[in-house]
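In UniProt numbering, the protein residues as written are 1 to 138. Ideal Cβ placement from N, Cα and C applies to all residues, glycine included. In what follows, a structure is listed as structure tokens, so that the remarks can point back to it.
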Amino acid sequence: MSTTKNGFFLQAIRCTHPNCTCECFTPEKACIRTCESCKHGWVTHALDKLGFNHVFNLGMQVEIVQPNIVFDIASLMLYGSHATPVRLKILLDRLFSVLQHDEVLQVLHGFGWTYEDYARGYILQVRSCFYLCLKILL
């Protein structure tokens, strides 16, 4: 287990695909949402963090969630993406709802998202162009 610069603990996310022995999701260089070692997608690795009992729990109970677990799950949704699918955003909204606002900001900033981008559902590309143009002018 290692620690990020935000103070979150990172834990390997193993693959849940039947008969797969991959112990840790490693993103491919060409397609960062695919595991380099086993070639399975990030979703099959995410199920390890969620656990099957959470998939079938359809109640509206709120469980205590640790920020490092939210960070791991958010990494699978936000890392390398510029938009969030609506259904995944709803799930992440439920996880964020039990965290403090500053913890949510730490998670989002860890993947290059602002709170406004997350609320909108996508990262504005204009912002990065603006900064690039600003650097060229200065």
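- For His45, count neighbouring C-beta atoms within 10 Å of its own C-beta (all shown protein chains included) and say buried if the count is 16 or more, exposed if not. To locate residue 45, count along the sequence shown from 1; it is residue 45. With 16 or more other Cβ atoms within 10 Å, it is buried.
- Query: Candidates Arg33, Cys38 and Phe25: which alpha carbon is nearest Asn19's?
  - Reply: The count along the sequence shown starts at 1 and reaches residue 19 at position 19. Selected option, being the one with the closest Cα: Cys38.
- Query: Exposed or buried, which one is Gly59 when buried takes at least 16 other CB atoms within 10 Å?
  - Reply: Residue 59 sits at position 59 when you count from the first residue of the sequence shown. Legend: pLDDT at Gly59 = 49, less than 50; position of this residue unreliable, value from coordinates given subsequently. With fewer than 16 other Cβ atoms within 10 Å, it is exposed.
- Task: Would you check if the distance between the CB atom of Glu23 and the CB atom of Glu36 is smaller than 7 Å?
- Result: By 1-based counting over the sequence shown, the position of residue 23 is 23. By 1-based counting over the sequence shown, the position of residue 36 is 36. Their beta carbons are not under 7 Å apart, which means Glu23 does not touch Glu36 by this criterion.
- Message: Using the Cβ count rule (16 or more neighbours within 10 Å means buried), how would you classify Ile13?
- Response: Within the sequence shown, the letter at position 13 stands for residue 13. Residue environment for Ile13: buried (at least 16 other C-beta atoms within 10 angstroms of its C-beta).
- Task: Report back the beta-carbon spacing between Ala74 and Phe111 to the nearest angstrom; my notes put them in contact at under 8 Å.
- Result: Within the sequence shown, numbered from 1, the residue matching residue 74 stands at position 74. Within the sequence shown, numbered from 1, the residue matching residue 111 stands at position 111. With a Cβ gap of about 7 Å, Ala74 and Phe111 count as contacting.
- Message: What does the alpha-carbon distance come out to for the pair Gln106 and Leu92?
- Response: For this step, residue 106 is matched to residue 106 along the sequence shown. For this step, residue 92 is matched to residue 92 along the sequence shown. So the alpha carbons of these two residues sit roughly 14 Å apart.
- Counted within 10 angstroms of its Cβ, other Cβ atoms place Cys15 as buried (16 or more) or exposed: In the sequence shown, residue 15 corresponds to position 15, counting from 1. With 16 or more Cβ atoms within 10 Å of its Cβ, Cys15 is classed as buried.
- Message: Starting from Val107, trace the alpha helix (DSSP H) in both directions and tell me its first and last residue.
- Response: Position 107 of the sequence shown, counted from the first residue, corresponds to residue 107. Start and end: His101 to Gly110.
- Task: Compare the C-alpha of Gln76 against each of Ile32, Tyr118 and Val65 and name the closest.
- Result: On the sequence shown, position 76 is the one that residue 76 refers to. The sequence given here places Leu at residue 76; Gln does not occur at that position. Among Ile32, Tyr118 and Val65, the Cα nearest to that of Leu76 is on Ile32.
- Task: Look up Leu58 in the DSSP assignment and say whether it is helix, strand or coil.
- Result: The residue labelled residue 58 in the question sits at position 58 within the sequence shown. Residue confidence is low: Leu58 scores 43 on pLDDT, short of 50, so the model does not pin down where it sits. Its coordinate-derived value is still stated next. If DSSP states are grouped into helix, strand and coil, Leu58 belongs with coil.
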